[in-house]
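Participant: Protein sequence lines correspond, in order, to chains A and B. Residue numbering for the first sequence follows our numbering, starting at 13 and increasing by one per position. Residue numbering for the second sequence follows our numbering, starting at 9 and increasing by one per position. Positions of the beta carbon are idealized from the N, C-alpha and C atoms, including for glycine. Before anything else, here's the structure in question.
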Amino acid sequence: MNEMTKIDPLTDDDFRVDYSDMLSQEQFDLEIEHVFNRSWLVLGHDLEIPNTGDFFVRDLPGLKLNVVVVRGKDGVVRAFHNACQHRGAMLVCEAAGNRRQGLSCPYHGWTYNLDGSVRGITDRDQFPVSDLSTLALKPIRCDVRHTYVFINPDGRAPALDEWLEHVADPTLYEGYFERFHSFDMISAEIEANWKLVADNFSEGYHTLFVHKGTLTDYSDRPDDPMRHLVALEPGKRHTRSGLPANMQHKTIPVEDLAFRHTPKSTPSYYGDSDGLAHGLNFGKLSAWAFDGINLYPNKVFLPGKDFCVEFRIWPISPDRTLVEASTLLPKPKTYGERVAQEYPYALGREVVSEDLSVLERQQKMLASGALKQLNLSFQEFLLALRYRNIRRDTRENVQ
Amino acid sequence: MNVSAKSDTLLPEGFEDLAPYLEWALPDQHRRGLKRMSSTFEECKSFYDALTPRMEALIRHLENFPRSAVLDPTNDRLFMLGLAYMDAALPIELGWKSTINEGSFPAERINNVERP
């Protein structure tokens, strides 16, 4: 067990989660203010913006944030509020692209350099302000680790290094994500509270049932049909886990076809982590499927040998959440390989679709007050840890 | 042997017989998924049965084209057909009762963000 939870272990009480007030507007507002607005949040990979001027925009309505993330001339990745400092027009109105020459506002033509400083103000003499530096784009704290672009709305929050705990070491996933140049993502707005969505992507307990039509036997073992986590390393907020593979997994013909032409991914596994950065298969499982990294509050990634499945969960309102789910695969060398990759992409889409379907119904039942308490098992450890942190951040330690 | 004019071939040589299934060769995942979900199981199975014995050859043919290249329309159609197959095979091989995964989230509420 990680040092941190030795000092502060979960108790039985943490596995009984009081839900009498977890879905209210008041609780939501506290979570936005004390959890999301004070946490390092993943927006994407810096691999999406490799060249000078490359950018992407993220709209996070629950946080009242619209952020442009841009690669500067100096190679640095920066994040800004996507607002022209003239009168607040939305500066960049596309989801992604390149603005090598700088950012220019579509409303009155103000221009900004890629580091956020003002380059030009239309009809400059008509403005009384003398110090242009006061009109630079408003930055948001931004840092990159493991190719993930993190932002933190809180200017006083600890550095990313400190926040990431035992997942901070930059060599953990060194060279791992750089192979994945293809991103396939689905997104959906779910009528459910963000915590229910995060819970779903934080346990494998449901996979036997929800995914019986897709992931038929991906982690079954004769000595453990319940698909228990074999490795678990919790921190104060974040957790790593390791899942074993079923090396007797029964394939279907299209799966065999696919994996003759592209490296194996879900639901087939090689079972080893040979040649991978040392953070992968940290539990040193001899038959390894993938690891699960849960970053508080809303980020999950499941890295395997030649694939990674990722989730980001964004609160919109107490009963509405944006889910972003991606399957990362290595850059296909040929069009033939890209065809082969469509199988794990298609299967991944169907699996996530299965997850989303149960959540709206669950929200309805919890909102009705049908139960006041979640009763968690040890396999739902990650849920218990997150709820403890939420409780501490929104109730016990509120400043 | 019938030597046909080359000017308007729909599919590459050797794959011309797949022309009846070109309605599945749609240009983005959203449309391909909708096509599969709006097809009857029998229509999907008919597509699956026709393509299955040809898929190894289809993939090997397209392995001749680096991903950085731009495909001509003939090979592009074959590419889209191949992508469609990998999705259409799921209901058939996973034993679903229809072309829509039972209990899955409504497809019209899911956004697909494709990157190349």
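1. Mind pulling the chain A residues with CB within less than 9 Å of arginine 2 of chain B?
2. If you follow the alpha helix (DSSP H) that valine 266 of chain A is in, where does it begin and where does it stop?
3. Among residues of its own chain, excluding the 5 on either side of arginine 70 of chain A, which ones have a beta-carbon nearer than 6 Å to its beta-carbon?
4. Return the residue from the list B:Arg85, B:Trp32, B:Asn72 that minimises the CA-CA distance to phenylalanine 23 of chain B.
5. Using 8 Å as the limit for Cβ to Cβ distance, is arginine 332 of chain A near chain B?
6. Using a Cβ cut-off of 9 Å, pull out every chain A residue sitting near leucine 121 of chain B, in sequence order please.
7. With which residues is cysteine 320 of chain A paired in a DSSP beta bridge?
8. Can you name the residues of chain A whose CB is closer than 7 Å to the CB of aspartate 57 of chain B?
9. Residues in its own chain within less than 6 Å of alanine 270 of chain A by CB, not counting five upstream and five downstream?
10. So what does DSSP say about asparagine 409 of chain A, is it helix, strand or coil?
11. For chain B, is any of its Cβ atoms less than 8 Å away from the one on leucine 368 of chain A?
12. Please check if any C-beta of chain A sits within less than 8 Å of the C-beta of proline 74 of chain B.
13. What does serine 112 of chain B reach in chain A if we use C-beta pairs closer than 7 Å?
14. Helix or strand or just coil, what does DSSP make of aspartate 284 of chain A?
15. Measure how close the beta-carbons of proline 256 of chain A and leucine 297 of chain A come, nearest whole angstrom, since I'm counting them as under 8 Å.
16. To test your reading of the DSSP string, which unbroken beta strand (DSSP E) runs of 3 or more residues are found completely within the segment 193-231 of chain A?
17. Within 10 angstroms of the Cβ of asparagine 205 of chain A, are there 16 or more other Cβ atoms? Answer buried if so, exposed if not.
18. Let me know if lysine 14 of chain B comes out buried or exposed under the rule of 16 or more other beta-carbons within 10 Å of its beta-carbon.
19. Checking 8 Å against the spacing of the C-beta atoms, do valine 266 of chain A and glutamate 71 of chain B come in under that value?
20. Between proline 342 of chain A and the rest of its own chain, which residues show a CB-CB distance below 7 Å, the 5 nearest in sequence each way excluded?
21. My understanding is that valine 209 of chain A touches valine 335 of chain A, with C-beta atoms under 8 Å, so please give their C-beta distance in whole angstroms.
22. Here's a check: name, in chain order, each residue in its chain whose Cβ is nearer than 6 Å to the Cβ of methionine 13 of chain A, leaving out the five neighbours to either side.
23. Taking the alpha carbon of arginine 332 of chain A as the reference point, which residue from A:Asp211, A:Asp41, A:Glu201 has its own alpha carbon closest?
24. Sort A:Arg398, A:Arg407, A:Leu378, A:Val47 by Cα distance to glutamate 203 of chain A and report the nearest one.
25. Report the start-end ranges of each beta strand (DSSP E) in the segment 37-121 of chain B that is 3 residues or longer and not cut off at the edges.
26. Give me whichever residues DSSP pairs with glutamate 245 of chain A in a beta bridge.
27. Leaving out five residues before and five after asparagine 401 of chain A in sequence, what residues of the same chain have Cβ atoms less than 7 Å from its Cβ?
28. Is any beta-carbon of chain A found at less than 8 Å from that of glutamate 71 of chain B?
29. DSSP puts phenylalanine 68 of chain A in a beta bridge; with which residues?
30. Keeping to the same chain, check which residues put their C-beta closer than 8 Å to that of proline 182 of chain A; ignore five residues upstream and five downstream.
31. Quick one: Cα of proline 330 of chain A to Cα of lysine 376 of chain A, how far?
32. Consider the Cβ of glutamate 51 of chain B: report whether some Cβ of chain A lies at a distance smaller than 8 Å.
33. Using the rule of at least 16 other Cβ atoms within 10 Å of the residue's Cβ for burial, across every protein chain shown, is glutamine 97 of chain A buried or exposed?
34. Report, in whole angstroms, the separation of the C-beta atoms of alanine 396 of chain A and leucine 388 of chain A, which I expect to be a contact under 8 Å.
Facilitator: This is what the structure gives:
1. Nothing can be reported for residue 2 of chain B: it is not among the residues displayed for chain B, which extend from 9 to 124.
2. Within the first sequence, the letter at position 254 stands for residue 266 of chain A. Here the alpha helix (DSSP H) through valine 266 of chain A covers 265-271.
3. For this step, residue 70 of chain A is matched to residue 58 along the first sequence. Answer for arginine 70 of chain A: Leu55, Val79, listed in chain order.
4. Looking up residue 23 of chain B in the second sequence gives position 15. Comparing Cα-Cα distances from phenylalanine 23 of chain B to each of B:Arg85, B:Trp32, B:Asn72, the minimum goes to B:Arg85.
5. Walking along the first sequence from the start, residue 332 of chain A turns up at place 320. Chain B contact via Cβ: absent.
6. For the purposes of this step, residue 121 of chain B is taken as residue 113 along the second sequence, with counting starting at 1. Looking at the sequence shown, residue 121 of chain B is not leucine but valine. Within 9 Å Cβ-Cβ: Ala107, Phe195, Asp196, Met197, Ile198, Ser199, Glu336, Ser338.
7. As a first step, residue 320 of chain A is located in the first sequence; it is residue number 308 there, counting from the start. Paired residues: A:Pro315, A:Leu340.
8. The residue given as residue 57 of chain B occupies position 49 in the second sequence. Residues of chain A passing the Cβ test: none, with the nearest at roughly 12 Å.
9. Within the first sequence, residue 270 of chain A is the residue found at index 258, counting from 1. Within the same chain, alanine 270 of chain A has close Cβ partners Ala352, Tyr355.
10. In the first sequence, counting from the first residue as 1, residue 409 of chain A sits at position 397. Reduced to three states, the DSSP call for asparagine 409 of chain A is coil.
11. As a working mapping, residue 368 of chain A is identified with position 356 in the first sequence. So yes, leucine 368 of chain A belongs to the interface.
12. Locating residue 74 of chain B in the second sequence gives position 66, counting from the first residue. By this cut-off, proline 74 of chain B is an interface position.
13. Translated into positions along the second sequence, residue 112 of chain B becomes position 104. Within chain A, the residues near serine 112 of chain B are Glu362, Ser365, Glu366, Ser369.
14. To locate residue 284 of chain A, count along the first sequence from 1; it is residue 272. Residue state, collapsed to three classes: coil.
15. As a position in the first sequence, residue 256 of chain A is number 244, starting the count at 1. As a position in the first sequence, residue 297 of chain A is number 285, starting the count at 1. Indeed, because the Cβ distance is near 5 Å, the residues count as touching under 8 Å.
16. Counting only runs of 3 or more, we get 194-202.
17. Here the question's residue 205 of chain A lines up with position 193 in the first sequence. Classification of asparagine 205 of chain A: buried, given that the 10 Å Cβ count is 16 or more.
18. To locate residue 14 of chain B, count along the second sequence from 1; it is residue 6. Note on lysine 14 of chain B: pLDDT 48, under 50, position unreliable in the model; no value is reported.
19. The residue labelled residue 266 of chain A in the question sits at position 254 within the first sequence. The residue labelled residue 71 of chain B in the question sits at position 63 within the second sequence. In this structure, glutamate 71 of chain B does not lie closer than 8 Å to valine 266 of chain A by Cβ.
20. In the first sequence, residue 342 of chain A corresponds to position 330, counting from 1. Closer than 7 Å at the Cβ level, and outside the excluded window around proline 342 of chain A, lie Arg191, Phe192, Pro275, Asp318.
21. Along the first sequence, read from residue 1 onward, the residue named residue 209 of chain A stands at position 197. Along the first sequence, read from residue 1 onward, the residue named residue 335 of chain A stands at position 323. That pair is a contact at about 6 Å.
22. Within the first sequence, the letter at position 1 stands for residue 13 of chain A. Note that methionine 13 of chain A scores a pLDDT of 44, beneath 50, so its modelled location is shaky; the value from the coordinates is reported in the next line. None.
23. Within the first sequence, the letter at position 320 stands for residue 332 of chain A. That would be A:Glu201, whose Cα lies nearest to the Cα of arginine 332 of chain A.
24. As a first step, residue 203 of chain A must be located in the first sequence, where it is residue number 191. Cα-wise, what sits closest to glutamate 203 of chain A is A:Leu378.
25. none
26. Along the first sequence, one-based indexing puts residue 245 of chain A at 233. For glutamate 245 of chain A, which the question treats as bridged, DSSP gives the partners A:Arg252.
27. The sequence position of residue 401 of chain A within the first sequence is 389, counting from 1. Closer than 7 Å at the Cβ level, and outside the excluded window around asparagine 401 of chain A, lie Arg249, Tyr308.
28. Within the second sequence, numbered from 1, the residue matching residue 71 of chain B stands at position 63. Chain A, which has a Cβ nearer than 8 Å to the Cβ of glutamate 71 of chain B, makes this yes.
29. Start at 1 with the first residue of the first sequence, and residue 68 of chain A comes out as number 56. Bridge partners of phenylalanine 68 of chain A: A:Val81, A:Ala108.
30. Locating residue 182 of chain A in the first sequence gives position 170, where the first residue counts as 1. If we look at proline 182 of chain A and ignore the five residues flanking it on each side, its Cβ neighbours are Arg157, His158.
31. Counting from 1 along the first sequence, the entry for residue 330 of chain A is found at position 318. Counting from 1 along the first sequence, the entry for residue 376 of chain A is found at position 364. Going from the Cα of proline 330 of chain A to the Cα of lysine 376 of chain A covers about 12 Å.
32. Residue numbering aside, residue 51 of chain B sits at position 43 when the second sequence is read from its first letter. Chain A, which has no Cβ nearer than 8 Å to the Cβ of glutamate 51 of chain B, makes this no.
33. Here residue 97 of chain A refers to the residue found at position 85 of the first sequence. Result: buried.
34. Position 384 of the first sequence holds residue 396 of chain A. Position 376 of the first sequence holds residue 388 of chain A. Indeed, because the Cβ distance is near 5 Å, the residues count as touching under 8 Å.
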